[in-house]
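Structure, as structure tokens:
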Amino acid sequence: MKTSRLPAISEPTASRPTLRDLARSLNVSHTTVSRVLSGQGADYISEQTRSRVIEAARQMRYRPNRAARTLATGKTGLISLWMGDLFRPYYVRTMQHVTREIEGTGYETVVYHIRSASVSPASLFTAADGLLVHDWGEVVESYLEYEPYALPLVSMGVQYTERTDFVGIDVYPGAVAAMQHLVATGRKRIVFVSHHARDGENEVRYRAYCEVMTQAGLPSEVVWVDLTRTACRETVRDYLAGNAGADALFCLSDDIAIAAYRAAHDCGQRVPEDIALVGCDDIEETQYLETTLSTISLPIPEMCRIATQFLQNRIADPTIARQQIILSPTFLKRDSS
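Numbering (the numbering used here), first residue to last: 1 to 337.
If you want it as structure tokens, here you go:
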């Protein structure tokens, strides 16, 4: 049995090895090496050749010269993902799905954290071939106003703009279904728990809440909380301690609902016997509480898949017609309601 042997590779020198150095050492084309290292060509480049290229790159300590590639091709090889708090499970989930979709396309994902809607467009990370923006439709609007030659961009999520390609999520029908479920189960004092940063009373989930409560002839009641779970737990605990009779909490997000769940336990209230809980987002943690959390499941995997495809289409041909789609959520009834 014959075994293939890698050509002798010298110790790394002060000069940085290039793709052509790597190709020359293996006696293969520069194009073959480039495709293997960018994750392309799996259908027509043999596994043996791929293994040789990867091993040679490791031994030669080859690292892509991104600046040289950008100068030569006019492309950075980067996709910039703009999103909110990187430590919130909701955004972590988006980051995971986007990076999986981008993997193997020849691009790499760079995540840029947007801290507020008032961020200066001049400070946004745009050293990329395209942009994916999760929520933060207002930031996209500011960027488009500021930049006359905007990069290919896809706006996605619950908060999106229609001025560019977008993959929107219309959370309204899911919120209506969640509220109708609470009313149908006999809940009479349903409280909406939200934070001011999410558009306050203009938020679509709040609108759905008010409409269903009005139709049912029930009074609306809102508790405004901070973004952190600790502060939210304290606020909801104080509210429940001073407002006997609330029998359901409809929460803007699962993060808020989880904090409210702990606040209810702090007050000696049983979920769902004494108080029902519904969240929104369907983060994984909702399935691991002692009482699993009812939630509005947002189609994040589908959103990321379509958005990355839209972006690649736009990069390949900037002249194509605008790409737009609206996705719908699903209300998941679990033990908490």
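C-beta atoms are modelled at their ideal positions from N, C-alpha and C, and glycine is treated no differently.
Inset, instruction - Find out if the Cβ-Cβ distance for the pair residue 222, residue 250 is shorter than 8 Å. - result: No; because the gap between Cβ atoms is not below 8 Å, this pair is not in contact.
Inset, instruction - Using 10 angstroms around the beta-carbon of residue 174, count the other beta-carbons present and answer buried if the total reaches 16, otherwise exposed. - result: buried
Legend entry - Identity of the residue in 145, 172, 147 nearest residue 157 by Cα: 172
Inset, instruction - Let me know if residue 162 comes out buried or exposed under the rule of 16 or more other beta-carbons within 10 Å of its beta-carbon. - result: exposed
Legend entry - CA nearest to the CA of residue 85, picked from 106, 102, 114, 244: Residue 114 is the option with its Cα nearest to residue 85.
Inset, instruction - Please state whether DSSP places residue 332 in a helix, a strand or coil. - result: strand
Legend entry - Endpoints, the alpha helix (DSSP H) within which residue 215 is located: In this chain, the alpha helix (DSSP H) harbouring residue 215 covers 204-215.
Legend entry - Close-in-space but distant-in-sequence residues of the same chain around residue 189 (CB under 6 Å, 5 per side omitted): A distance below 6 Å between beta-carbons, with the five flanking residues on each side excluded, links residue 189 to the following residues of its chain, in chain order: 245, 246, 247.
Legend entry - Local conformation of residue 51 per DSSP, three classes: helix
Legend entry - Pairwise C-alpha distance: residue 228 and residue 317: Their Cα atoms are separated by approximately 42 Å.
Legend entry - C-alpha gap between residue 336 and residue 258, whole angstroms: 11 Å
Legend entry - Nearest-angstrom Cα separation, counted from residue 139 out to residue 51: 44 Å
Inset, instruction - State the Cα-Cα distance for the pair residue 144 and residue 75, rounded to the nearest angstrom. - result: 21 Å
Inset, instruction - Going by CA-CA distance only, name the one from 56, 147, 33, 176 that's closest to residue 214. - result: Among 56, 147, 33, 176, the Cα nearest to that of residue 214 is on 176.
Inset, instruction - Give me the Cα-Cα distance between residue 295 and residue 160, rounded to the nearest whole angstrom. - result: Straight-line spacing of the CA atoms in residue 295 and residue 160 works out to 22 Å.
Inset, instruction - With distances taken Cα to Cα, identify the nearest neighbour of residue 282 among 107, 300, 261, 187. - result: 300
Inset, instruction - Report the residue ranges of all alpha helix (DSSP H) runs contained in full by the region 234-307; include only those spanning at least 4 residues, in chain order. - result: Runs found: 254-266.
Inset, instruction - Go ahead and label residue 71 buried or exposed: buried means 16 or more other beta carbons lie within 10 angstroms of its beta carbon, across all protein chains shown. - result: Note that residue 71 scores 49 on pLDDT, short of 50, meaning its location in the model is unreliable; the coordinates nonetheless yield the value given after this. So residue 71 counts as exposed.
Legend entry - Burial state of residue 329 (16 or more Cβ within 10 Å): buried
Inset, instruction - Could you tell me whether the Cβ atoms of residue 81 and residue 109 are closer together than 8 Å? - result: yes
Inset, instruction - Can you grab the Cα-Cα spacing for the pair residue 83 / residue 206, in whole Å? - result: 23 Å
Inset, instruction - Can you grab the Cα-Cα spacing for the pair residue 234 / residue 122, in whole Å? - result: 38 Å
Legend entry - Proximity below 8 Å, CB of residue 293 to CB of residue 254: In this structure, residue 254 lies closer than 8 Å to residue 293 by Cβ.
Legend entry - DSSP-derived helix/strand/coil call for residue 174: helix
Legend entry - 6 Å Cβ shell around residue 262 - same chain, five flanking residues per side excluded: 233
Inset, instruction - Mind checking which residues open and close the alpha helix (DSSP H) that includes residue 108? - result: No alpha helix (DSSP H) holds residue 108; the beta strand (DSSP E) holding it covers 108-113.
Inset, instruction - Throw me the rounded Cβ distance for the residue 79 and residue 124 pair, which I believe falls under 8 Å. - result: Their Cβ separation, rounded to whole angstroms, is 14 Å, which puts residue 79 and residue 124 out of contact at 8 Å.
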